[in-house]
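**Student:** For the sequence shown, position 47 matches number 116 in the numbering used here, and the numbering has no gaps at all.
Please see the structure below; I have some questions.
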Amino acid sequence: MKAYQDGPFRYFDDVTRRVDFLVQAALIAIMVALLALLNFQVLMRYVIRTPLIWGGELGGFLLAYVTLWGSSTCIRNDKHVRVRYIESVLPTNMKRILSIVIHIIILFYLYYLIVYGYQFAELGIGEKTTSGAFEFFWPRFSITSGGILMALQSVNILVRETVQLVTGEPYPLESE
Numbered sequence: 070m071k072a073y074q075d076g077p078f079r080y081f082d083d084v085t086r087r088v089d090f091l092v093q094a095a096l097i098a099i100m101v102a103l104l105a106l107l108n109f110q111v112l113m114r115y116v117i118r119t120p121l122i123w124g125g126e127l128g129g130f131l132l133a134y135v136t137l138w139g140s141s142t143c144i145r146n147d148k149h150v151r152v153r154y155i156e157s158v159l160p161t162n163m164k165r166i167l168s169i170v171i172h173i174i175i176l177f178y179l180y181y182l183i184v185y186g187y188q189f190a191e192l193g194i195g196e197k198t199t200s201g202a203f204e205f206f207w208p209r210f211s212i213t214s215g216g217i218l219m220a221l222q223s224v225n226i227l228v229r230e231t232v233q234l235v236t237g238e239p240y241p242l243e244s245e
């Protein structure tokens, strides 16, 4: 555990853990806002009989953030859907090597997602949605911000697995 106790690896893991905590808090707030928006939209449409023209747009935009930011939490907590059979028959070091390869591939994908996602978001600067209430930049920026958050967590796992592979030390739990 020497490599993790007070070194840069442990510090980086603490930073990514705190970022994940903030992302989860933001996701809870967004989901509460989505629920409130949905209820308000139903009230406006069926009770007051004046539907919101921007409610559906905002709901869709917030859902993009939930999806992409939630993916970073899934990466951190190893909750993405995958076939675990191959992993289950591999020895520990081979599992780590497989994880390293997978996260390198993820990072290549995320590089393009971040770069081209931002270029796509820039196209929306000054361009209004159908309701005229929002600029397209902000919903499109969910691609870039989600990619950055996923990359941060993926780099953390990549570093963690590499150090474990090199040192042979088990990674201490977050509660330690």
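Beta carbons are placed, not taken as given, at the ideal position from N, Cα and C, and that holds for glycine.
For clarity, every value in this text was computed on a predicted model and none was experimentally measured.
I'd like to check one pair, W123 with T198: are the Cβ atoms closer than 9 Å?
**Tutor:** Counting from 1 along the sequence shown, the entry for residue 198 is found at position 129. Counting from 1 along the sequence shown, the entry for residue 123 is found at position 54. Contact: yes.
**Student:** Taking G125 as the reference, give the member of I144, G195 and A202 with the closest Cα.
**Tutor:** Reading the sequence shown from its first residue, position 56 is the one you call residue 125. The shortest Cα separation from G125 among I144, G195 and A202 belongs to A202.
**Student:** Could you tell me the alpha carbon to alpha carbon distance between E156 and Q110, rounded to whole angstroms?
**Tutor:** Within the sequence shown, residue 156 is the residue found at index 87, counting from 1. Within the sequence shown, residue 110 is the residue found at index 41, counting from 1. Their backbone Cα atoms lie some 46 Å apart in a straight line.
**Student:** Quick check on E238: does DSSP put it in helix, strand or coil?
**Tutor:** Along the sequence shown, one-based indexing puts residue 238 at 169. Coil.
**Student:** Taking the alpha carbon of F210 as the reference point, which residue from R153, T119, V135 and R86 has its own alpha carbon closest?
**Tutor:** Counting from one through the sequence shown, the residue named residue 210 turns up at place 141. Cα-wise, what sits closest to F210 is V135.
**Student:** Please list the segments of the alpha helix (DSSP H) lying wholly inside the region 72-151, counting only runs of 4 or more residues, in order along the chain.
**Tutor:** 77-111 and 124-145
**Student:** Span of the alpha helix (DSSP H) holding A202?
**Tutor:** Position 133 of the sequence shown, counting from 1, holds the residue named residue 202. From DSSP, A202 is part of no alpha helix (DSSP H); its letter is neither H nor E.
**Student:** Assign Q260 to one of two classes, buried (16 or more other C-beta atoms within 10 Å of its C-beta) or exposed (fewer than that).
**Tutor:** Because the chain here runs from 70 to 245, residue 260 falls outside it and cannot be looked at.
**Student:** Do you know how far the Cα of S214 is from the Cα of L159?
**Tutor:** Residue mapping note: residue 159 aligns to position 90 of the sequence shown, counting from 1. Residue mapping note: residue 214 aligns to position 145 of the sequence shown, counting from 1. If you take the alpha carbons of L159 and S214, they lie about 34 Å apart.
**Student:** Relative to the alpha-carbon of F90, which residue among E196, G129 and R145 has its alpha-carbon at the smallest distance?
**Tutor:** Counting from 1 along the sequence shown, the entry for residue 90 is found at position 21. Among E196, G129 and R145, the Cα nearest to that of F90 is on R145.
**Student:** Under a Cβ-count criterion, where at least 16 other Cβ atoms within 10 Å of its own Cβ denotes burial, should G129 be classed as buried or exposed?
**Tutor:** As a position in the sequence shown, residue 129 is number 60, starting the count at 1. Label assigned to G129: exposed.
**Student:** Cα-Cα, which of A133, S168 and M163 is closest to Q147?
**Tutor:** On the sequence shown, position 78 is the one that residue 147 refers to. Correcting the residue identity first, residue 147 is Asp in this sequence and not Gln. Among A133, S168 and M163, the Cα nearest to that of D147 is on S168.
**Student:** I'd like to check one pair, Q222 with T85: are the Cβ atoms closer than 9 Å?
**Tutor:** Taking the sequence shown and counting its residues from 1, one reaches residue 85 at position 16. Taking the sequence shown and counting its residues from 1, one reaches residue 222 at position 153. A contact, by the Cβ cut-off of 9 Å.
**Student:** Assign R55 to buried or exposed, taking buried as 16 or more other Cβ atoms, counted over all protein chains shown, within 10 Å of its Cβ.
**Tutor:** With the chain represented from 70 up to 245, any question about residue 55 goes unanswered, as that position is not in the structure.
**Student:** Going by Cα to Cα distance, which pick from L131, R79 and N108 is closest to L121?
**Tutor:** Your numbering for residue 121 matches position 52 in the sequence shown. Per the Cα distances, N108.
**Student:** Contact defined as beta carbons within less than 8 Å: I believe A94 pairs with L131. What is the distance between those atoms, to the nearest angstrom?
**Tutor:** Here residue 94 refers to the residue found at position 25 of the sequence shown. Here residue 131 refers to the residue found at position 62 of the sequence shown. So it is not a contact: roughly 15 Å between Cβ atoms.
**Student:** Cβ of I212 within 9 Å of Cβ of F205?
**Tutor:** Within the sequence shown, numbered from 1, the residue matching residue 212 stands at position 143. Within the sequence shown, numbered from 1, the residue matching residue 205 stands at position 136. Against a cut-off of 9 Å, the Cβ pair of F205 and I212 comes out as no contact.
**Student:** Report the CB separation of R165 from E230 in whole angstroms; it is logged as a contact under 8 Å.
**Tutor:** Locating residue 165 in the sequence shown gives position 96, where the first residue counts as 1. Locating residue 230 in the sequence shown gives position 161, where the first residue counts as 1. Yes, they are in contact, since the Cβ atoms of R165 and E230 sit about 5 Å apart, within 8 Å.
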